[in-house]
Amino acid sequence: MSDGMSFHLEGGKELERQLNGLATNVKRKVIGGAVRAAIRLPLAKAKAILRPIRRTGALEKSLGVKQKSFRGGSIVMGWVGVNSEYSETTTDENGKSVTVRPSKYAHLVEYGTVRQTAVSFIRASFDATVEAMVRKYTAMLQAGIDREVARK
């Protein structure tokens, strides 16, 4: 299975102190918005990595983000991955109709096979955008806190 990918946020204690002053539903909205904005960066990069190697484009189209909150919204996780329900019907070289389900072969593209070299689109997109994600997350979190404090 995949290994976890995470990062440490410098200055997080100050942001956490400011967040603790907000109501739970406001906290969930602010953190969730910041995570959504930050996780879109590796999604765009993963799609860009897949663009030159595409055959049908189904794998690129099936990529998306998922978000889940824990502890009343104070912990929010975001994922980039393949939508397991996505499929599309195309025709092969013989004119026969074929249903393509990218979730069935995405891991083979990511990690490679005996005959095909790996095209690491998920891991490479995270590695390439981790610093930009941290900056985007921090900026969006601070902007959200400032916006909510100004409303009071």
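Residue numbers (my numbering): 422 to 573.
From the three backbone atoms N, C-alpha and C, an ideal C-beta is built for every residue, glycine too.
As the structure is a prediction and not an experimental result, all values here were calculated from the model.
Beta-carbon gap between residue i and residue j smaller than 9 angstroms
i, j, result
"Arg449", "Ser490", "yes"
"Val503", "Pro463", "no"
"Ala465", "Pro523", "no"
Residue i versus residue j: straight-line alpha-carbon distance, rounded
i, j, result
"Lys525", "Thr445", "39 angstroms"
"Ser423", "Thr477", "For Ser423, the predicted model reports a pLDDT of 49, less than 50, meaning its position is unreliable; a value from the coordinates is still stated below. The straight-line gap from Cα to Cα measures roughly 25 angstroms."
"Gly454", "Leu562", "8 angstroms"
"Leu529", "Val570", "47 angstroms"
"Thr534", "Arg572", "54 angstroms"
"Ile566", "Ala545", "31 angstroms"
"Arg568", "Ser518", "52 angstroms"
"Arg536", "Asn515", "24 angstroms"
"Val497", "Ala564", "17 angstroms"
"Ile543", "Ala560", "24 angstroms"
Residue nearest to residue i in terms of C-alpha spacing, selected from the options
i, options, result
"Ala487", "Gly499, Ala479, Leu480 and Glu481", "Note on residue identity: the sequence assigns Lys, not Ala, to residue 487. Lys487 has its Cα closest to that of Gly499, out of Gly499, Ala479, Leu480 and Glu481."
"Arg461", "Val447, Val451 and Leu484", "Leu484"
"Thr520", "His528, Tyr507 and Glu531", "Tyr507"
"Ala549", "Ile452, Val451, Ala459 and Arg572", "Ala459"
"Arg492", "Ile452, Arg457 and Arg572", "Ile452"
7 angstroms Cβ shell around residue i - same chain, five flanking residues per side excluded
i, result
"Glu481", "Lys468, Leu471, Arg472 and Arg475"
"Val447", "Glu569"
Nonlocal neighbours in the same chain, by C-beta distance under 8 angstroms from residue i, ignoring five residues either side
i, result
"Tyr532", "Ala539 and Ser541"
Neighbourhood of residue i by C-beta distance below 6 angstroms, restricted to the same chain and skipping five residues each side
i, result
"Tyr558", "Ala455 and Ala459"
Cβ of residue i within 9 angstroms of any chain B Cβ
i, result
"Val503", "This model lacks chain B altogether; it includes just one protein chain."
Check your understanding: Touch check for the stretch 506-518 and the stretch 545-565: three-plus C-beta pairs under 8 angstroms?
Key -> no
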